[in-house]
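Position one of the sequence shown corresponds to residue 5 (our numbering), numbered consecutively onward.
Cβ atoms here follow ideal geometry from the backbone N, Cα and C, with glycine treated the same way.
The model shown is predicted, which means the values in this text are computed figures rather than measured ones.
Step one of this worksheet: look at the structure below.
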Amino acid sequence: MDQREFLIPRYLDAPPMALFIEADTAAVAFGFVFIGFFFKQLLICTVAGIVLARLYARSKADGGRGTIMRFLYWYTPSRLFVKSRVASFERYFLG
Numbered sequence: 005m006d007q008r009e010f011l012i013p014r015y016l017d018a019p020p021m022a023l024f025i026e027a028d029t030a031a032v033a034f035g036f037v038f039i040g041f042f043f044k045q046l047l048i049c050t051v052a053g054i055v056l057a058r059l060y061a062r063s064k065a066d067g068g069r070g071t072i073m074r075f076l077y078w079y080t081p082s083r084l085f086v087k088s089r090v091a092s093f094e095r096y097f098l099g
């Protein structure tokens with residue numbers, strides 16, 4: 005068995021990659037490309053997808069792990085995205 009047949013990640017906690025970028029960042033960009041294909045506005049949506057993917061990657065790098073989930077918890081209806089016991093709008097706990 006030849007070792008060159010298998011791709012082994014360098015680190016065990018390495019994120020999944022799509023092409024040469026992380027898979028979730030690629031999903032943001034390709035999602036906008038798909039939307040542009042659907043609405044026949046491919047150029048505009050491709051540029052918007054690239055810009056938003058770069059902003060998404062930068063926010064992930066600046067905030068660390070879990071930044072997106074914290075944003076969803078505090079600034080959106082948290083029961084839709086984050087399964088937590090306490091809603092984000094509850095400030096005081098009695099009893």
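Scanning the stretch 14-62 for uninterrupted alpha helix (DSSP H) segments of 4 residues or longer gives 27-43, listed from N- to C-terminal end. Under the 10 Å beta carbon count, F36 is surrounded by 16 or more other beta carbons and is classified as buried. The continuous stretches of alpha helix (DSSP H) do not include I12, and DSSP gives it neither H nor E. Annotation: the continuous alpha helix (DSSP H) that includes Y77 extends over T71 to Y79. Contact annotation: the stretch 54-62 touches the stretch 21-31, with at least three C-beta pairs closer than 8 Å. By the criterion of a C-beta distance shorter than 6 Å, G53 is surrounded in its chain by A33, F36 and V37, once the five residues flanking it on both sides are discounted.
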